[in-house]
Amino acid sequence: MHTSPLSHFLAENDVPCPHCGYNLRGLTASVCPECKHDLQLKIDGDYAAIRYLPMAKWLLGLMVFSSLATICIHALYWFRDSGQYNTTELAIHYMTPMALATIECAACVFAWRRVTESQRTGKNIIRAYVICLGMMLLITALQITQWLFQLVWSWELW
112 MHTSPLSHFL
122 AENDVPCPHC
132 GYNLRGLTAS
142 VCPECKHDLQ
152 LKIDGDYAAI
162 RYLPMAKWLL
172 GLMVFSSLAT
182 ICIHALYWFR
192 DSGQYNTTEL
202 AIHYMTPMAL
212 ATIECAACVF
222 AWRRVTESQR
232 TGKNIIRAYV
242 ICLGMMLLIT
252 ALQITQWLFQ
262 LVWSWELW
């Protein structure tokens with residue numbers, strides 16, 4: 112019995128249906144058993160990259176956690192120092208990193224949603240990696256911006 116390379120590929124790999132995300136592993140027909148859509152089966156390079164998406168989600172989750180921790184720590188220090196210093200300078204000093212951490216957190220949640228969508232559907236995997244890289248570059252740029260604000264207004268660097 113002759114098996115096609117495509118059947119052999121589907122027998123060994125997890126490939127999601129482009130319509131519903133159903134796992135097509137072991138499929139021999141050209142119709143998705145879950146949503147009954149006709150499938151145009153092809154092999155492309157995106158499926159080789161799909162195995163790294165959980166690591167990207169883990170890194171994004173770590174960045175969200177660190178952003179939320181930054182917000183909480185700065186809020187605690189702000190409350191601690193609120194009776195001792197000028198309120199305006201104190202607000203600027205603590206609100207800058209808190210605002211930047213909020214932007215970081217929102218950007219990471221956006222990237223998380225894109226990575227999850229790419230992982231579920233198998234589409235736009237390269238776009239998901241570019242978004243993750245963009246979030247890391249954004250976080251680096253925001254940290255440099257915070258450092259420059261502190262340098263210009265001669266704040267302590269922490």
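Heads up: the sequence shown runs through residues 112 to 269, numbered per my numbering. Every residue gets a Cβ at the ideal spot worked out from N, C-alpha and C, and that includes glycine.
Contact defined as beta carbons within less than 8 Å: I believe residue i pairs with residue j. What is the distance between those atoms, to the nearest angstrom?
i, j, result
"LEU211", "THR256", "7 Å"
"VAL126", "LEU135", "5 Å"
"MET209", "ILE237", "With a Cβ gap of about 34 Å, MET209 and ILE237 do not count as contacting."
"GLU228", "ILE250", "Not quite, the Cβ-Cβ distance comes to about 21 Å (not below 8 Å), so this is no contact."
Starting from the Cα of residue i, find the closest Cα among the options and give me that residue.
i, options, result
"ALA167", "ALA239, ASN197 and GLN254", "ALA239"
"LEU179", "GLN195, TRP169 and THR213", "THR213"
"TRP223", "ALA202, TRP169 and LEU201", "TRP169"
Return the chain-ordered list of same chain residues with a C-beta closer than 6 Å to the C-beta of residue i, the five sequence neighbours on each side being excluded.
i, result
"ALA219", "Reading off the sequence, residue 219 comes out as Cys, not Ala. Excluding positions up to five away in sequence, the list reads LEU171, MET174, VAL175 and MET246."
"GLN230", "LEU164"
"HIS130", "CYS146 and HIS148"
"ARG225", "ALA239 and ILE242"
Quick one: residues in its chain with C-beta nearer than 8 Å to the C-beta of residue i, no 5 flanking neighbours on either side, listed in chain order?
i, result
"TYR188", "TYR205"
"LEU201", "TRP189, ASP192 and SER193"
Short of 7 Å in beta carbon distance, which residues of its chain neighbour residue i, apart from the five on each side in sequence? Order them along the chain.
i, result
"LEU121", "LEU135, ARG136, GLY137 and LEU138"
"ILE203", "none"
Can residue i and residue j be called in contact, C-beta distance under 8 Å?
i, j, result
"THR93", "PHE260", "Since the first residue of the chain shown is 112 and the last is 269, residue 93 is not available in this structure."
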